Structure formats: structure tokens, C-alpha cells
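Beneath this line is the structure, given in C-alpha cells, with notes to follow.
Residue numbers (the working numbering): 415 to 692.
Below, the structure written as C-alpha cells:
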């Protein structure tokens, strides 16, 4: 059994730079998840930045690219060889550089884009393709001392239930899970944690209304003008933290939020402290 007080406080923050590491340190944030490196900077320098500043680049979120004019998708579940080649071109160099040179140990990936069939042989074909392609990328991660963490997704995406994500995990012993707690639209958080406890290596923390993903600042409400909708977070944070403790979770408490008016990163630390007491 782990202790929630030992989990590192993290923040997903875009491209990494020494300035962002220093900003995190000043806000009592222990680690970051990134999706790139600032222009003109090099992954080989990241370990020295971490050592000097005292903040770890914990994970990297690999690209998920939606198809548009002149741009191929990035989609591990694709049945199209051309899209799979594009997906490899987008992901493999990142793993080799950010993992091999930068020392990042966790690469988070979406198992699919959407929309997808909700059931049937067509969905199974996509799941099988995703398993094969995730295995390929996981092998690249392993060569660089890292793991590939598959993120649960909402709506019709693959991995939209604990059971489906467990099926994907069972196909490859090297795959791990990133639990995005605001993506779970089917099932409950405690059951998800219990079923996938042995594969959980990181989280994406934000709140939602159980209707759709919202990426709300935990325990806060937000008005969405484009939807003329007031929505508020409804996660039972005490229950979720207890489930993760019981599962012996030792990863980061990694915020991936719409800051919703919070301009200072110290607000992340303050929110984490408020949740610890629940």
C-alpha cells in the first residue's frame, strides 16, 4: 500500500525549457509532462537542467494528430499502412531523442483516434491493430529504458473502458497505463484502478461532470460560453486517492488541466494540498 503524500506533484505544460523547470520549482511542482522541447534547445541537455533545478521531466505525451488537408493522422489503431508509417515517423524519433538523450522514462500515447465502431468485428480489428502497433512502439521505448503508457480515452475511442484497456494490456506484458481520470465515461474510478493496478505508472488529473471530458481544475466549476453550459467537477477525490493507495500506486499526481483563470502554478500545489486531506 502506498501513501498519497509520497506521490510527486506534476503538471502537463507543453514544451520543456529551463525556464519552465524553474517555474515549476518555484511553485513546489516536482515533475512535468511535456510534448516537446523549446526551439533551439536539445534533449541531451535536459538531464543537466533537471539536476541543477531539481525538477524531473517525468513523461512525454506522444502526438495524436487528426487528419486534415495535406496532413496524415497519427493513429496507432489505423488499418492504413500509410498512416501507420506516418505515425512511426512522428513517434519513433521522439522516443529515441527524448528517451535516449533526455532520459524520459514514460511515453504516454492514445490508443486510437475516433469515431470508432462501438462494438463488433470492425472494432476488434482496430483493437488488434492498436495492440500490434503499440507493441512496436513499446519495443522502441524499452531499448531506451522507458515504458509506453496507454491512456484511457472517452466516447468511442479505443480503451474507453477498464475492461477494454485490460484486454490491450494483457496482449503485451511491457505496456503500462496512464489513468486520465476525466476520460472515464463508463464504469467507476475505483473499479478501473483495481482492474489495472499492476500497470498504472502515471495519471492525468482533472475534474469533470461524468458527461464528457472537461479537464476542469479539481473541485471547481466553469462556464463554457460556446456551449452555453455551466459544468462542475464531480470526482470523489478521497475515494480515488484511497483506491490508488490500496493499489500501491507510486507514480506522479500529474495535473492535465484547463487552468480556468489560475495564472500561477502555485495554485496546482495548493489544489494538491487540499485534495490530500480528503
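C-beta atoms are modelled at their ideal positions from N, C-alpha and C, and glycine is treated no differently. Everything numeric in this text was worked out from a predicted model, so none of it was measured.
Restricting to Cα atoms, I'd like to know which of the options is closest to residue i.
i           : options               : result
residue 615 : 623, 589 and 626      : 589
residue 692 : 495, 623, 673 and 659 : 659
residue 580 : 639, 568, 564 and 571 : 564
residue 575 : 532, 536, 663 and 674 : 532
residue 464 : 516, 481 and 427      : 516
residue 605 : 494, 657 and 419      : 657
What separation, rounded to the nearest whole angstrom, lies between the Cα atoms of residue i and residue j?
i           : j           : result
residue 644 : residue 637 : 4 Å
residue 555 : residue 434 : 25 Å
residue 620 : residue 546 : 30 Å
residue 548 : residue 492 : 11 Å
residue 490 : residue 539 : 12 Å
residue 543 : residue 526 : 10 Å
residue 653 : residue 454 : 44 Å
residue 416 : residue 641 : 40 Å
residue 630 : residue 466 : 32 Å
residue 633 : residue 626 : 16 Å
residue 578 : residue 572 : 7 Å
residue 567 : residue 597 : 5 Å
residue 592 : residue 618 : 7 Å
residue 361 : residue 483 : The question about residue 361 has no answer, for the chain in this structure spans 415 to 692.
residue 673 : residue 500 : 32 Å
residue 628 : residue 424 : 19 Å
residue 602 : residue 609 : 11 Å
residue 600 : residue 459 : 42 Å
residue 664 : residue 432 : 26 Å
Under 8 Å Cβ to Cβ from residue i, same chain only, skipping five residues before and after it: list those, please.
i           : result
residue 511 : 457
Within its chain, find whatever has a CB closer than 7 Å to the CB of residue i; leave out the 5 residues flanking it on each side and keep chain order.
i           : result
residue 437 : 679
residue 518 : 471, 473, 474, 512 and 560
residue 476 : 505, 508, 521, 522 and 523
residue 497 : 486, 487 and 489
Let's see if you can read the secondary structure: which residues bound the beta strand (DSSP E) around residue i?
i           : result
residue 555 : From DSSP, residue 555 is part of no beta strand (DSSP E) but of the alpha helix (DSSP H) over 535-557.
residue 526 : Here residue 526 belongs to no beta strand (DSSP E), and DSSP marks it neither H nor E.
residue 439 : Unbroken run through residue 439 is the alpha helix (DSSP H), 432-440; no beta strand (DSSP E).
Could you tell me the boundaries of the alpha helix (DSSP H) in which residue i lies?
i           : result
residue 683 : 680-690
residue 697 : Here the chain covers residues 415 to 692 and nothing more, so residue 697 does not appear.
residue 654 : 651-660
residue 561 : Segment 561-565 is the beta strand (DSSP E) holding residue 561; no alpha helix (DSSP H) there.
Throw me the rounded Cβ distance for the residue i and residue j pair, which I believe falls under 8 Å.
i           : j           : result
residue 558 : residue 520 : With a Cβ gap of about 11 Å, residue 558 and residue 520 do not count as contacting.
residue 611 : residue 661 : 4 Å
residue 648 : residue 689 : With 8 Å as the limit, residue 648 and residue 689 do not qualify as a contact, their Cβ atoms being about 14 Å apart.
residue 429 : residue 452 : 5 Å
Residues in its own chain within less than 6 Å of residue i by CB, not counting five upstream and five downstream?
i           : result
residue 506 : 554
residue 481 : 487
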